[in-house]
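Position 30 of the sequence shown, counting from 1, maps to 29 under numbering that gives the first Met the number 0, and the rest follow consecutively.
Right, one structure below, let's go through it.
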Amino acid sequence: MILVNENFLKLKAGYLFPEIGRRVRVFAAENPDAPIIKLGIGDVTEPLVPAVTKAMHTAVDEMAKKETFHGYDDGGVGYEFLREAIVQNDFKSRGANVASDEIFISDGAKCDTGNMQEIFGLDNVVAVTDPVYPVYVDTNVMAGRTGENDGKGRYGKMVYMPCTAENNFVPELPSQPVDMIYLCYPNNPTGAVATKEQLKKWVDYAVENKAIILYDAAYEAFIRDDSIPHSIYEIEGARKVAIEFRSFSKTAGFTGVRCGFTVVPKDLVAYTKSGQAQPLHPIWNRRHCTKFNGVSYITQKGAEAVYSPEGKKQVKEVINLYMSNADTMRAALTEQGYQVFGGEHAPYIWLKTPKGVDSWTFFDLLLNKANVVGTPGAGFGAAGEGYFRLSAFNNPDKVKEAMQRISKI
Ligand SMILES: *Cc1c(COP(=O)(O)O)cnc(C)c1O
């Protein structure tokens, strides 16, 4: 008899975005003429920049000639041209010490944040912020690391660290021992950022407790204040305790192209049950090269072009467009009397729903009265109740129109 992996049965039903999609479809069917504006799912709306598509076209032509054709990317860890561009532009330039052979190119940060847990023992205690990007939780549920669902969406063996306006959306250190700590800054969904001092506390905690930090920096390109760290490796000691995830998805509009990377420093260790330190770099290398066979040459050439002088300039213009949307939203919603967070160094606005209105009720209200789609905070975790996420990924005109409509409810 074929047995199912019962861990999958513990997953929370009614995943957030399908439920949003369902409600929008029902509304659209009943109101076929309603001009719906979507500020919901975190997907980019601007096309790839010319520097990227030019590099990809050239790469396609190279693939068409015997002399310049590329087969498998040797080992699947990524071409040196891209890994070196990343080291120089993303890390060296900010004083972070990362070597090119510590970088693993992949098809995106969702896969990497989801896959990384495989190299850690099942007895580890996992800590996540609440609200949280659901991938960190669900992949640990699938692996069998979380215990049972309590029926309210929380798992018995998991540690939840609430992030609310009271702590500026940066969690306190956990009061019980934890081993795997997922942090994401700039944050999805709250749009919050962490300062160097705040991250230093986490790095020190991880060093002291022999824990590991899984740091998702998918939104670092949206940081507008130079004193805010883009990488956890800007923090002293982080090379011993942190893995960092990056993506070209939000930075350069690669959501439909697929390219990201993960940094696994050679200083990083985890322990056997008998207490022996094991370097993680060779283990992740083995995992990556066994289950993954590399990102296409064409895509990696496109990613490399993000770091060319034209590429940098063009990508910056797109990010500025999204961030000017965020400015528009922050200003309009604040003027309308909403309590607004985020949106300064991240493409997400996190607002407090009006008193007595829960986040799904607010979702329905916005959909019905303003024909605007957002994301209910409760969908990201229990502590997200009473909050609502609006994404800045849209056309400036649509964003302005959405703000006007919201002002009329
Ligand atoms: C969008 C996003 C990513 C990037 O995912 P890709 O798979 O690289 O497209 C990673 N982490 C968070 C928190 C995100 O919102």
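Positions of the beta carbon are idealized from the N, C-alpha and C atoms, including for glycine.
(request) Mind checking which residues open and close the beta strand (DSSP E) that includes Q277? (result) Position 278 of the sequence shown, counted from the start, is the residue given in the question as residue 277. Per DSSP, Q277 belongs to the beta strand (DSSP E) from 276 to 278.
(request) Please name the residue, chosen from Y386, I212, A369, N367, that lies closest to G376 on a Cα-to-Cα basis. (result) As a first step, residue 376 must be located in the sequence shown, where it is residue number 377. Restricting attention to Y386, I212, A369, N367, the CA atom closest to the CA of G376 is found in Y386.
(request) Work out the CA separation of D60 and V51 for me, nearest whole Å. (result) On the sequence shown, residue 51 is found 52 positions in, with the first residue counted as 1. On the sequence shown, residue 60 is found 61 positions in, with the first residue counted as 1. Going by the C-alpha atoms only, they are around 15 Å apart.
(request) Enumerate in chain order the residues of its own chain whose CB-to-CB distance from N123 is below 6 Å, with the five nearest sequence positions on each side excluded. (result) Locating residue 123 in the sequence shown gives position 124, counting from the first residue. If we look at N123 and ignore the five residues flanking it on each side, its Cβ neighbours are D178, M179.
(request) Compare the C-alpha of I222 against each of G190, Q197, A237 and name the closest. (result) Taking the sequence shown and counting its residues from 1, one reaches residue 222 at position 223. Looking at G190, Q197, A237, the one whose alpha-carbon comes closest to that of I222 is G190.
(message) For ligand 1, I want to know if N187 counts as a neighbour, meaning its beta carbon is within less than 7 Å of at least one of the ligand's heavy atoms.
(response) On the sequence shown, position 188 is the one that residue 187 refers to. Within the cutoff, so yes.
(request) Taking 8 Å as the cut-off, decide whether the C-beta atoms of V256 and I234 are in contact. (result) Position 257 of the sequence shown, counted from the first residue, corresponds to residue 256. Position 235 of the sequence shown, counted from the first residue, corresponds to residue 234. No, they are not a contact pair.
(request) Spatial neighbours of G310 within its chain, please: CB distance less than 6 Å, with the 5 preceding and 5 following residues excluded, ordered by chain position. (result) Locating residue 310 in the sequence shown gives position 311, where the first residue counts as 1. Answer for G310: A50, A304, listed in chain order.
(message) Suppose contacts are defined by Cβ-Cβ distances below 8 Å. Is E400 in contact with I36 by that definition?
(response) Here residue 400 is taken as the residue at index 401 of the sequence shown, counted from 1. Here residue 36 is taken as the residue at index 37 of the sequence shown, counted from 1. Yes, these two residues count as a Cβ contact at 8 Å.
(message) With DSSP as the reference, identify every bridge partner of V339, one or two as the case may be.
(response) Looking up residue 339 in the sequence shown gives position 340. Answer is L350, bridged to V339.
(request) Would you mind sorting R425 into buried or exposed? The rule is 16 or more other CB atoms within 10 Å of its CB. (result) Outside the shown range of the chain (0 to 408) lies residue 425, about which nothing can therefore be said.
(message) ligand 1 and D89: does any heavy atom of the ligand fall closer than 7 Å to the residue's C-beta?
(response) Mapped onto the sequence shown, residue 89 falls at position 90. No, ligand 1 has no heavy atom inside 7 Å of this Cβ.
(message) Taking a contact to mean a Cβ-Cβ separation below 8 Å, would you say F291 touches G75 in this structure?
(response) Here the question's residue 291 lines up with position 292 in the sequence shown. Here the question's residue 75 lines up with position 76 in the sequence shown. Cβ atoms of F291 and G75: closer than 8 Å.
(message) How far does the alpha helix (DSSP H) with E303 in it extend, from its first residue to its last?
(response) Taking the first residue of the sequence shown as position 1, residue 303 is located at position 304. Residues 296 to 304.
(message) Tell me the residue span of the alpha helix (DSSP H) that contains L81.
(response) For the purposes of this step, residue 81 is identified with residue 82 of the sequence shown, where counting begins at 1. Per DSSP, L81 belongs to the alpha helix (DSSP H) from 79 to 85.
(message) Along the chain, where does the alpha helix (DSSP H) containing P133 start, and where does it finish?
(response) Counting from one through the sequence shown, the residue named residue 133 turns up at place 134. Here the alpha helix (DSSP H) through P133 covers 133 to 142.
(request) Please say whether L81 and A302 have beta carbons closer to each other than 8 Å? (result) Stepping through the sequence shown from its first residue, residue 302 is reached at position 303. Stepping through the sequence shown from its first residue, residue 81 is reached at position 82. Closer than 8 Å, so yes.
(message) Once the 5 residues before and after Q338 are set aside, which same chain residues still bring their CB inside 8 Å of it?
(response) As a position in the sequence shown, residue 338 is number 339, starting the count at 1. Excluding residues within five positions, the ones whose Cβ falls inside 8 Å are A164, L350, K351.
(request) Could you tell me which residues DSSP puts in a beta bridge with E243? (result) In the sequence shown, the residue the question calls residue 243 occupies position 244. Y214, V262.
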